[in-house]
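If you count by our numbering, then the sequence shown holds residues 335 to 408, one letter each, in order. Every residue gets a Cβ at the ideal spot worked out from N, C-alpha and C, and that includes glycine.
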Amino acid sequence: ISEVISDTIDNYAELQKKYADLEKEYHQVLDDYLIKVNECQDLEEEVRELRHSENVQQQVADQQAEMRREQGGL
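See the structure below:
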């Protein structure tokens, strides 16, 4: 019986270690995931800013073309 108890204690200790290792790995994967999510959000914001900038540039170009047409028509 004492051998069974000893084996059970050893198995429990081994399982605790495996659990701790898996928990550590889980937190590392979670941290990596959150970093990637933040990077994606930053890239999405950058894309929005670039699109806005392109839209503004197009609006300015359209206004300049309209002004040239108006000046040419005078």
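Check: R402 C-beta below 7 angstroms from any heavy atom of the ligand MG: This structure lacks the ligand MG, and indeed carries no ligand of any kind.
For D343, the three-state DSSP class (helix, strand or coil): The amino acid at residue 343 is misidentified as Asp; the sequence shows Ile. I343 falls in the helix class under three-state DSSP.
Alpha-carbon spacing of E388 relative to A399, whole angstroms: In this structure, the straight-line span from the alpha carbon of E388 to that of A399 is close to 16 angstroms.
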